[in-house]
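*Asks:* Going down the list, the protein sequences come from chains P and D.
Position one of the first sequence corresponds to residue 233 (the working numbering), numbered consecutively onward.
Position one of the second sequence corresponds to residue 233 (the working numbering), numbered consecutively onward.
All C-beta atoms in this analysis are idealised placements derived from N, C-alpha and C, irrespective of residue type, glycine included.
Protein chains: 2
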Amino acid sequence: MEFTINRSAFIKQLTDVQRAISSKTTIPILTGIKVVLTASGLLLTGSDADVSIETFLSVEDEANNLTIESTGEIVLPARFFSEIVKKLPQDTFSLTVTDGYQTEITSGSASFNINGLDANNYPHLPEIDTDDNLIFSGSILKQIISQTVIAVSNQESRPILTGVHFVIENGEFLAVATDSHRLSQRKITLQGANDSKYDVIIPGKSLVELSRMIDDSNPDIEMRISENQVLFILGNTSFYSRLLEGNYPDTSRLIPNESATGIEFSAPKLLSAIERASLLSHESRNNVVKLAINAAEQKVVIYSNSPDVGNVEEALEFSNLSGNDLEISFNPDYMKDALRSFGQTEIKVAFTQPLRPFTLVPTEDTTQFIQLITPVRTF
Amino acid sequence: MEFTINRSAFIKQLTDVQRAISSKTTIPILTGIKVVLTASGLLLTGSDADVSIETFLSVEDEANNLTIESTGEIVLPARFFSEIVKKLPQDTFSLTVTDGYQTEITSGSASFNINGLDANNYPHLPEIDTDDNLIFSGSILKQIISQTVIAVSNQESRPILTGVHFVIENGEFLAVATDSHRLSQRKITLQGANDSKYDVIIPGKSLVELSRMIDDSNPDIEMRISENQVLFILGNTSFYSRLLEGNYPDTSRLIPNESATGIEFSAPKLLSAIERASLLSHESRNNVVKLAINAAEQKVVIYSNSPDVGNVEEALEFSNLSGNDLEISFNPDYMKDALRSFGQTEIKVAFTQPLRPFTLVPTEDTTQFIQLITPVRTF
Numbered sequence: 233m234e235f236t237i238n239r240s241a242f243i244k245q246l247t248d249v250q251r252a253i254s255s256k257t258t259i260p261i262l263t264g265i266k267v268v269l270t271a272s273g274l275l276l277t278g279s280d281a282d283v284s285i286e287t288f289l290s291v292e293d294e295a296n297n298l299t300i301e302s303t304g305e306i307v308l309p310a311r312f313f314s315e316i317v318k319k320l321p322q323d324t325f326s327l328t329v330t331d332g333y334q335t336e337i338t339s340g341s342a343s344f345n346i347n348g349l350d351a352n353n354y355p356h357l358p359e360i361d362t363d364d365n366l367i368f369s370g371s372i373l374k375q376i377i378s379q380t381v382i383a384v385s386n387q388e389s390r391p392i393l394t395g396v397h398f399v400i401e402n403g404e405f406l407a408v409a410t411d412s413h414r415l416s417q418r419k420i421t422l423q424g425a426n427d428s429k430y431d432v433i434i435p436g437k438s439l440v441e442l443s444r445m446i447d448d449s450n451p452d453i454e455m456r457i458s459e460n461q462v463l464f465i466l467g468n469t470s471f472y473s474r475l476l477e478g479n480y481p482d483t484s485r486l487i488p489n490e491s492a493t494g495i496e497f498s499a500p501k502l503l504s505a506i507e508r509a510s511l512l513s514h515e516s517r518n519n520v521v522k523l524a525i526n527a528a529e530q531k532v533v534i535y536s537n538s539p540d541v542g543n544v545e546e547a548l549e550f551s552n553l554s555g556n557d558l559e560i561s562f563n564p565d566y567m568k569d570a571l572r573s574f575g576q577t578e579i580k581v582a583f584t585q586p587l588r589p590f591t592l593v594p595t596e597d598t599t600q601f602i603q604l605i606t607p608v609r610t611f
Numbered sequence: 233m234e235f236t237i238n239r240s241a242f243i244k245q246l247t248d249v250q251r252a253i254s255s256k257t258t259i260p261i262l263t264g265i266k267v268v269l270t271a272s273g274l275l276l277t278g279s280d281a282d283v284s285i286e287t288f289l290s291v292e293d294e295a296n297n298l299t300i301e302s303t304g305e306i307v308l309p310a311r312f313f314s315e316i317v318k319k320l321p322q323d324t325f326s327l328t329v330t331d332g333y334q335t336e337i338t339s340g341s342a343s344f345n346i347n348g349l350d351a352n353n354y355p356h357l358p359e360i361d362t363d364d365n366l367i368f369s370g371s372i373l374k375q376i377i378s379q380t381v382i383a384v385s386n387q388e389s390r391p392i393l394t395g396v397h398f399v400i401e402n403g404e405f406l407a408v409a410t411d412s413h414r415l416s417q418r419k420i421t422l423q424g425a426n427d428s429k430y431d432v433i434i435p436g437k438s439l440v441e442l443s444r445m446i447d448d449s450n451p452d453i454e455m456r457i458s459e460n461q462v463l464f465i466l467g468n469t470s471f472y473s474r475l476l477e478g479n480y481p482d483t484s485r486l487i488p489n490e491s492a493t494g495i496e497f498s499a500p501k502l503l504s505a506i507e508r509a510s511l512l513s514h515e516s517r518n519n520v521v522k523l524a525i526n527a528a529e530q531k532v533v534i535y536s537n538s539p540d541v542g543n544v545e546e547a548l549e550f551s552n553l554s555g556n557d558l559e560i561s562f563n564p565d566y567m568k569d570a571l572r573s574f575g576q577t578e579i580k581v582a583f584t585q586p587l588r589p590f591t592l593v594p595t596e597d598t599t600q601f602i603q604l605i606t607p608v609r610t611f
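#1: Take I506(D) as the anchor and find which of E549(D), L357(D) and V399(D) has the nearest alpha-carbon.
#2: So I237(P) and F313(P) are in contact, right, with Cβ under 8 Å, and what is the actual spacing, rounded?
#3: Nearest CA to the CA of N365(P): which residue from F562(P), D427(P) and K531(P)?
#4: Which first and last residues belong to the alpha helix (DSSP H) in which V384(D) is found?
#5: Measure the C-alpha to C-alpha separation of I372(D) and L439(P) and round it to an integer number of angstroms.
#6: Would you list, in chain order, the members of the stretch 512-533 of chain D that have their beta-carbon closer than 7 Å to a beta-carbon of chain P?
#7: Can you list, in chain order, the residues of its chain with a C-beta nearer than 8 Å to that of V532(D)? Leave out the 5 residues immediately preceding and following it.
#8: Buried or exposed, going by whether 16 or more other CB atoms sit within 10 Å of the CB of H356(P)?
#9: Give the residues of chain P in contact with K266(D), contact being defined as C-beta atoms less than 9 Å apart.
#10: For the alpha helix (DSSP H) containing S443(D), name the first residue and the last one.
#11: Below 8 Å, how does it come out for the stretch 488-503 of chain D and the stretch 571-591 of chain D: are there three or more Cβ pairs, yes or no?
#12: Taking the beta strand (DSSP E) that D452(D) falls in, what are its first and last residues?
#13: Relative to the C-alpha of P391(P), which candidate in S272(P), T410(P) and T421(P) has its C-alpha closest?
#14: According to DSSP, which residues form a beta bridge with G370(D)?
#15: Give me whichever residues DSSP pairs with R474(P) in a beta bridge.
#16: Would a C-beta distance cut-off of 8 Å place L308(P) and V283(P) closer than the cut-off?
#17: So A499(P) packs on G575(P), CB below 8 Å; how close in whole Å?
#18: Taking C-beta pairs closer than 7 Å, name the residues in chain P that I316(D) reaches, listed in chain order.
#19: Does Y354(P) come out as helix, strand or coil in the three-state DSSP assignment?
#20: Starting from K374(D), find everything on chain A with Cβ-Cβ shorter than 7 Å and list it in chain order.
#21: When Cβ atoms are compared, which residues of the stretch 333-355 of chain P fall closer than 7 Å to chain D?
#22: What are the boundary residues of the beta strand (DSSP E) that includes Y566(D)?
#23: Can you list the residues of chain D that R508(P) reaches, using a CB-CB cut of under 7 Å?
#24: Apply the 10 Å Cβ neighbour rule to P435(D) and answer buried if 16 or more other Cβ atoms are within range, or exposed otherwise.
#25: Quick one, are the C-beta atoms of E336(D) and T324(D) less than 8 Å apart?
#26: Can you look up N518(D) in the DSSP assignment and give me helix, strand or coil?
#27: Is the stretch 295-305 of chain D in contact with the stretch 251-261 of chain D, if contact means three or more CB pairs nearer than 8 Å?
#28: Cα separation between D208(D) and L571(D)?
#29: Comparing alpha-carbon positions, which option in V399(P), F471(P), E294(P) and Q322(P) lies nearest A425(P)?
#30: Smallest Cα separation from D569(D): which of G348(D), E294(D), E441(D) and H413(D)?
#31: Looking at the structure shown, is D248(P) part of a helix, part of a strand, or coil, going by DSSP?
#32: Please give the ranges of any beta strand (DSSP E) in the stretch 494-559 of chain P, keeping only runs that are unbroken, at least 3 residues long and fully inside the region.
#33: Assuming V520(D) and T610(D) form a contact by the criterion Cβ under 8 Å, report the distance between their Cβ atoms to the nearest whole angstrom.
#34: Within 8 Å, do at least three Cβ pairs link the stretch 510-520 of chain P to the stretch 533-542 of chain P?
#35: What residues in its chain sit with their C-beta under 6 Å from that of A241(P), if we drop five residues either side in the sequence?
#36: To the nearest angstrom, report how far apart V396(P) and S385(P) are at their CA atoms.
Right, here's the structure in full:
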């Protein structure tokens, strides 16, 4: 194998593939990056067995400036190889596999010789044997991921809750996640998905990595689902993730249909007040803030205290308060995550009872996006 | 005590004072910040017993927008107090010490009550009983610190080497640091210091903190030295550090007076090559790179290798090579620190023998700044 390539084009793709590679893997060859050179271009692959990323640098893309002397394949230690390529002195570099798996990397007057591994020992990527695909706008998919992964559980005791539940049916796409203390659900209408029907659970960690790869240069993303794998295609890059096995709990019955107290807030202003209150709650053993709603006096106050440090109270700005008076306590960190997911919008909060979950939705569109938080018993 | 003040002006000063406060202190009251309000303004003090920082917000400075209701003093938990003030909703805030040491902090509709401590229990700051002062340009002092602290030892086995040696004599200022493997020395002529004579050792950590406080708004910095303390005055802020006790080793005899091989490099280009070579050396047990100079062939090559990963060699660009051939091995991290301290300049490197220290100086001014590195024996 011998080729010369543009260094910055190569680094850009290498960085994407490296997202899949974990230094903590127990399979030594997976600390490496697989480099396969064919007559049509260069294929880079990285994997941690859960997520695999593959990207292709075509000989036809002039930006790659790819010159092929001879084809072949090799596995190179990912971290070193990447550090070396990033520090090379010139705009292009050459890579030659010499005796055995010895690999020479040259650029200008700098010449590295590193020990590679036999690419035949690299595990095969999963095969996705379906032509049925769904198309997402990159920015919408990124938004959906960021809005739902916040509610994913990081406890391995119920592995199924470490994923986001994707349900596609009747041309509608629904993503929901819950760690059993809170829930986040987002719906969109998916163009051209009328016949598709899927019900899968994708690990939250995979989605976070995928989301980091989505930038403005990925206007559309193709999703293909097989029995135990999902594939996302972003331009020249393929992102594979395993699916979680099992049945996701029925979350629809968790969301209350009616409310006893309704109130509207500016999401960023409420977020600032919660951030202030959480300074104190973080110093106390149970990390709770209390919200007291007085409908008759049209007054809403937030409280928190820490026996060691002190206490805080703040009257909140709000609008359209209606219904019953209420005192409710909750974990402010769940509230902060939820409020951040709304951005700079007005939100509507609906309560039923002090110990029943309450919901947050955008005031402008109350059906497509919902955050639910379970209160904390403080007595 | 009761006052109202502009929040951003207060935060700026608070941030400086907090640099002195360590969460690791064993003296509980030093986790606090001392706030003293007199008729003329507000004095903030933080200390970790080694470094103390004091800053004054004058009632006369309109930017402070300071309104005094009643004077007094209190010690407040530094981390919380700072987090609270940073998150308050309005441009100003009020602080009132109520019953005992309870302190109320209000801004808009947010109200915090935190537990303070008796300011009488806060340690007294050192007194510097001298009018003799030296004036530094802020940018020059910052440069001198950055150039010398790199060679300070971080081993407590020889505490004296954890400081920078400041010598002022005959209107000349000399700063030198060494960890016994390398040395960095900078000289400047100090205006108006003809009569002053000092020989002190300032902890490297103190100088790093001081240097972080120096920005473009501090054109001149006043330095006062007493028996066991040094005081730097930056505008309204006073920075105190203890001095290290003992005699600094005589470093002047370490610097060779002659050389057997001389060569010039571009500092940033040599730095890049050393960074490449150190990718491999960092993976090997002894972290060494080898430089081979061949005067007859006018060729200079750098080598490094790691048995596990591979090896690198690179022919270097240079100029004005003269003298004997040489093979010399050294720690590339020392070389990187030294080269970074020169910035974008040409440097002259002078060698005597493979196991004797070599020196780096700027080509343009070979006497004011010198870096010395001791080679490593590899056979």
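*Replies:* Judging by the given coordinates:
#1: Closest by alpha carbon: E549(D).
#2: In fact, because the Cβ distance is near 13 Å, the residues do not count as touching under 8 Å.
#3: Ranking the options by Cα distance to N365(P), first place goes to D427(P).
#4: Going by DSSP, V384(D) is part of no alpha helix (DSSP H) at all; its letter is neither H nor E.
#5: Going by the C-alpha atoms only, they are around 50 Å apart.
#6: Against chain P - using a Cβ distance shorter than 7 Å - the stretch 512-533 of chain D contributes no residues.
#7: Excluding residues within five positions, the ones whose Cβ falls inside 8 Å are I495, L523, A524, I525, N526, A547, L548, F550 and L553.
#8: An exposed status is given to H356(P), since fewer than 16 other beta-carbon atoms sit within 10 Å of its beta-carbon.
#9: None at all; the shortest Cβ gap to chain P is about 18 Å.
#10: S443(D) -> alpha helix (DSSP H) spans G436 to M445.
#11: Touching, yes.
#12: Looking at the DSSP string, the run of the beta strand (DSSP E) that includes D452(D) is D452 to I457.
#13: The shortest C-alpha separation from P391(P) is found at T410(P).
#14: Per DSSP, none; premise fails for G370(D).
#15: Looking at the DSSP assignment, R474(P) forms a beta bridge with Q461(P).
#16: Not a contact, by the Cβ cut-off of 8 Å.
#17: About 7 Å; that satisfies the 8 Å criterion.
#18: Result: L511.
#19: Assignment of Y354(P) by DSSP, reduced to helix, strand and coil, places it in the coil class.
#20: In summary, chain A is missing from the structure at hand, where the protein chains are P and D.
#21: Result list: S341, A342, S343, F344, N345, I346 and N347.
#22: Counting along the chain, Y566(D) falls outside any beta strand (DSSP E), though it belongs to the alpha helix (DSSP H) covering P564 to F574.
#23: Within 7 Å Cβ-Cβ: K319 and A342.
#24: Buried, because 16 or more other Cβ atoms sit within 10 Å of the Cβ of P435(D).
#25: Taking C-beta atoms as the reference points, E336(D) and T324(D) fail to come closer than 8 Å.
#26: N518(D) falls in the coil class under three-state DSSP.
#27: Flag = no, the stretch 295-305 of chain D and the stretch 251-261 of chain D do not touch.
#28: Outside the shown range of chain D (233 to 611) lies residue 208(D), about which nothing can therefore be said.
#29: Comparing C-alpha distances from A425(P) to each of V399(P), F471(P), E294(P) and Q322(P) shows the shortest one belongs to V399(P).
#30: Taking only the C-alpha atoms, the option nearest D569(D) is H413(D).
#31: D248(P) carries a helical assignment under DSSP once its states are collapsed to helix, strand and coil.
#32: As far as the stretch 494-559 of chain P is concerned, its whole beta strand (DSSP E) runs of at least 3 residues are 521-526, 531-538, 542-547 and 551-555.
#33: Right, their Cβ atoms sit about 6 Å apart.
#34: Three or more beta-carbon pairs separated by less than 8 Å link the stretch 533-542 of chain P to the stretch 510-520 of chain P, which places the two stretches in contact.
#35: Excluding positions up to five away in sequence, the list reads A295 and N296.
#36: V396(P) and S385(P) have their C-alpha atoms some 10 Å from each other.
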